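Asks:
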Amino acid sequence: MNLLRTILIGGIGFTALGVNAVQTSRWHIAPDNQIIWSVNENIPHEDHIEMSGKAVSVVLRYGVDGEGAFRLNKSMVWPRLRTIPNNTHASLMRRYDWNPLAGVTVNGRSLQRGEKVKELGIKGKLQVKSVVNQGYYGEWEIIREYFPSTELPALVELYQVINKGKNSLAVEIPKDGFMAQTDPSKGVKGTYFIEGKLLQNGYFTLQPGDTLRFSASISAHDSEASSLVLDACAEKVKRESLVASWMDNLVLETPDPVINQMFAFSKIRACESIYETQGGPMHGPGGESYYAAIWANDQAEYINPYFPYTGYEYGNVSALNSFKHFARFINDEWKPIPSSIVAEGLDIWAGVGDRGDAAMIAYGASRYALTRASREEAEELWPLISWCLEYCHRKLNEGGVVASDTDELENRFPSGDANLCTSSLYYDALISAAYLAKELGKGNNVANTYRKQASTLRKNIETYFGSTVEGYSTYAYYKGNDVLRSWICIPLTMGIDERKEGTIQALFSPRLWTENGLLTQAGSEIFWDRSTLYALRGVYAAGETEKATEYLQRYSKTRLLGEHVPYAIEAWPEGEQRHLSAESGLYGRIITEGLFGIRPIGFKSFTLTPRLPQKWNQMALHHVRAFGADFDLMIQRQGAGKLQVIMTTSQGKKKVYNLKEGKTITINLK
163 MNLLRTILIG GIGFTALGVN AVQTSRWHIA PDNQIIWSVN ENIPHEDHIE
213 MSGKAVSVVL RYGVDGEGAF RLNKSMVWPR LRTIPNNTHA SLMRRYDWNP
263 LAGVTVNGRS LQRGEKVKEL GIKGKLQVKS VVNQGYYGEW EIIREYFPST
313 ELPALVELYQ VINKGKNSLA VEIPKDGFMA QTDPSKGVKG TYFIEGKLLQ
363 NGYFTLQPGD TLRFSASISA HDSEASSLVL DACAEKVKRE SLVASWMDNL
413 VLETPDPVIN QMFAFSKIRA CESIYETQGG PMHGPGGESY YAAIWANDQA
463 EYINPYFPYT GYEYGNVSAL NSFKHFARFI NDEWKPIPSS IVAEGLDIWA
513 GVGDRGDAAM IAYGASRYAL TRASREEAEE LWPLISWCLE YCHRKLNEGG
563 VVASDTDELE NRFPSGDANL CTSSLYYDAL ISAAYLAKEL GKGNNVANTY
613 RKQASTLRKN IETYFGSTVE GYSTYAYYKG NDVLRSWICI PLTMGIDERK
663 EGTIQALFSP RLWTENGLLT QAGSEIFWDR STLYALRGVY AAGETEKATE
713 YLQRYSKTRL LGEHVPYAIE AWPEGEQRHL SAESGLYGRI ITEGLFGIRP
763 IGFKSFTLTP RLPQKWNQMA LHHVRAFGAD FDLMIQRQGA GKLQVIMTTS
813 QGKKKVYNLK EGKTITINLK
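The numbering of the sequence shown is this note's numbering, which starts it at 163 and goes up by one.
#1: So, Thr439 versus Pro241, is the Cβ gap smaller than 8 Å?
#2: Comparing alpha-carbon positions, which option in Gln806, Ile808, Gln739 lies nearest Glu450?
#3: Might you give, ordered along the chain, the residues of its own chain that have their beta carbon closer than 7 Å to the beta carbon of Ala609, omitting 5 neighbours on each side?
#4: With DSSP as the reference, please indicate the residues paired to Gly349 in a beta bridge.
#5: What's the call for Tyr365, buried or exposed, on a 16-neighbour Cβ count within 10 Å?
#6: Using only alpha-carbon positions, find the residue among Ala406, Lys766, Ala505 that is nearest to Gln196.
#7: Quick check on DSSP: helix, strand or coil for Gln322?
#8: Hey, quick one: how far does the alpha helix (DSSP H) through Asp691 stretch, first residue to last?
#9: Per DSSP, what kind of secondary structure is Phe627 in: helix, strand or coil?
#10: Tell me which same chain residues have a C-beta within less than 6 Å of the C-beta of Pro833, skipping the five on either side of it?
#11: Can you round the beta-carbon distance between Ala454 and Gly446 to whole angstroms, since I take them to be within the 8 Å contact cut?
#12: Please look up how many angstroms separate the CB atoms of Ile305 and Ile211, rounded, as I've assumed it's under 8 Å.
#13: With three or more C-beta pairs closer than 8 Å as the rule, is the stretch 664 to 673 touching the stretch 627 to 639?
#14: Excluding the 5 residues preceding and the 5 following Val818 in the sequence, name in chain order all residues of the same chain whose CB lies nearer than 6 Å to its CB.
#15: Among Cys433, Ala489, Phe491, which has the Cα closest to the Cα of Pro467?
#16: May I ask which residues mark the beginning and end of the alpha helix (DSSP H) holding Pro419?
#17: Starting from Trp833, trace the alpha helix (DSSP H) both ways and give me its first and last residue.
#18: Cβ-heavy atom distance between Gln296 and the ligand SAM below 7 Å?
#19: Nearest-angstrom Cα distance between Asn202 and Val290?
#20: Mapping DSSP to helix, strand and coil, what is Ser501?
#21: If the criterion is Cβ atoms closer than 8 Å, does the pair Tyr224 and Leu288 meet it?
#22: Would you decide whether His487 is buried or exposed? Buried here means 16 or more other CB atoms lie within 10 Å of its CB.
#23: Can you look up Tyr468 in the DSSP assignment and give me helix, strand or coil?
#24: Which same chain residues, not among the five before or five after Phe765, have their C-beta less than 6 Å away from its C-beta?
#25: Work out the CA separation of Ser484 and Ala458 for me, nearest whole Å.
#26: Between the beta-carbon of Cys583 and the beta-carbon of Trp649, is there less than 8 Å?
#27: Return helix, strand or coil for Lys822, following the three-state DSSP convention.
#28: With the cut-off set at 8 Å, would you say Thr771 and Ile763 are in Cβ contact?
#29: Count the other CB atoms, across all protein chains shown, that sit within 10 Å of the CB of Val226; report buried if there are 16 or more and exposed otherwise.
#30: Assign Ser525 to one of three DSSP states: helix, strand, or coil.
#31: Provide the residue(s) that pair with Lys291 in DSSP beta bridges, ordered along the chain.
#32: Please state whether DSSP places Thr611 in a helix, a strand or coil.
#33: In its own chain, which residues sit with a C-beta less than 8 Å from the C-beta of Asn559, not counting the 5 before and 5 after it?
#34: Go to Phe376, then tell me how far its beta strand (DSSP E) extends in each direction, as first and last residue.
#35: If you reduce the DSSP assignment to three classes, tell me which class Pro653 lands in.
#36: For the alpha helix (DSSP H) that Val333 lies in, which residues bound it at each end?
Encoded structure:
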């Protein structure tokens, strides 16, 4: 039996995803949709979270020590302040332990002496509540709030001191802060200026029950800009309003509050990581490495097809912008499109050759264009999509599948001369492009050609990759591969189900599924959340609803309420379980494309294959903002094996569909 165990990884207690584990949670969901850690004897504990705005990102490494005191390190990233060499990782970055409270005194003694943290909360910001009881010297509560500015290059810190005692408190706030100047030879624009500011200072008297509010910030600018002046309270309103707008669109309602909350939080991380650059808005993975740049997998494949559902217009703008950047590199010589466009669009990265990037881009762009439902944008994207499809067609090998130098794991694991991912993505891209060609009036010949190519490719995928691997009737990830790989889940997400039984058995076998989700390769210790997220979507698509839901519940509880919260992560051991942004988009797509089975087939139409778990009587998605509309989807059980779908538009127009479980319907929003 797999028992729950806590593994210390990089200072993080990591709760495992044991199949038979009885899980305990460090965090819980509060009525206001925060997640809360009520601190008791479960210390010491440390964790980290990334939060982003258009001009800054910050990774807060926070924790409570064995004495109950709060600890914090602030890792700052400024994507537009470029360093030399101006490459993928050339954002100005600094880590600070600067504590604006260190010099604050109460009745002549340290504000924090004897501090005991009582509660931490997360909902688009980090909030910490502590109490201090110094007996004769008084009793007070400290509330800290940390969040990035939505527009400005600053981390904002808000503080409250609340007099909880019976006597007055004398509080002194010094003029505190720092100014750092960077080496001009290491900055694209020369010297950069980094400022830590305690924005209020002076002497204050707090009567019993009074609250003192003050703030601080860490910001940076170049020599052409002036020192930043901000209104911390106004910044809080902007951040909270933006978070609310993400959470109020594409709202999931199921009987499982953890899945509901994980889905809501995933939209925050998916949407916040977009940076304003000289190359336009660029969605970036983050992780203290990847900013002011785009990738064919993270952006084109993972996150861009999801943005239209969310109703976040800036996300849609960033998606279109990324595709336009990739379109700069289509060529008549049929050279591969670069894997990444970096340095605010001024440079590229193609360090491992062709990763199957054209298939990733064609897949993401065609699905985005259909779901976005903008004819103008679709026409603009069509040359990119058709070029990428032709590029893939020209790369077909003797087995009729797409050859590439590697895959998105970039030689971390072998992928042969042709891999299952690239051909599966190309297959789905052909189908989506056929629908798009019809919408754009490109002629029946174009659409029919793509459909015929897809049909042939599907057969070739079966012939070339279909194999018995470690006793399972599934896929060899590449020719000659005889060890199970997590990416055997990819065909399921694309509707290729010839080997679904054996593939699902392999995915959840002890060889691949572990306490931490799917291993990248059987026999290794390495896992990447992205393959687990793809697998859960694929298992839903294949109709194994109960199994998918069981593992989705376990995954969601661990990532949202466990030891490292509250978002999907990138990988381990690589990257210290970073909260890369696009993985949260992949979580969202488990719901939209897996649980609800939405598949775009036109600007105003989609197919729906709902997968309602047996223990649920209903589920709903509210304010779906795709296909040029705003609508709700309600799925209800109507007796054994029967479902009812109610689609309601924001104008009150309602359509009701009755279907058998496992069947597909077409919904037309015209």
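Ideal placement from N, C-alpha and C gives every residue a C-beta, glycine not left out.
Keep in mind that this is a model prediction, so the values were computed, not measured.
Replies: The relevant details are as follows:
#1: yes
#2: Gln739
#3: Ala596, Ala599, Lys600
#4: Thr245
#5: exposed
#6: Ala406
#7: strand
#8: 691 to 703
#9: helix
#10: Residue 833 lies beyond the residue range present for the chain, which begins at 163 and ends at 832; the question has no answer from this structure.
#11: 7 Å between Cβ atoms; contact.
#12: Going by Cβ atoms, the distance from Ile305 to Ile211 rounds to 18 Å, so no, they are not a contact pair.
#13: With three or more CB-CB distances shorter than 8 Å, the stretch 627 to 639 counts as touching the stretch 664 to 673.
#14: Hits under 6 Å: Ile808.
#15: Per the Cα distances, Cys433.
#16: 419 to 434
#17: No information on residue 833 is available, as it lies outside the stretch 163 to 832 that the chain covers here.
#18: With respect to the ligand SAM, the structure shown offers nothing to examine, as it has no ligands at all.
#19: 14 Å
#20: coil
#21: yes
#22: buried
#23: Reduced to three states, the DSSP call for Tyr468 is coil.
#24: Same-chain partners within the cutoff: Ala535, Glu601.
#25: C-alpha separation (whole angstroms): 9 Å.
#26: Taking 8 Å as the cut-off, the Cβ atoms of Cys583 and Trp649 count as close.
#27: In the structure shown, Lys822 sits in a strand (DSSP, three-state: E or B).
#28: no
#29: buried
#30: Residue 525 is actually Tyr in this sequence, not Ser. Helix, per DSSP.
#31: Glu281, Ile305
#32: helix
#33: Taken in chain order, the residues that qualify are Ala565, Asp579, Ala580.
#34: 373 to 384
#35: helix
#36: That residue, Val333, is in no alpha helix (DSSP H); its beta strand (DSSP E) goes 331 to 335.
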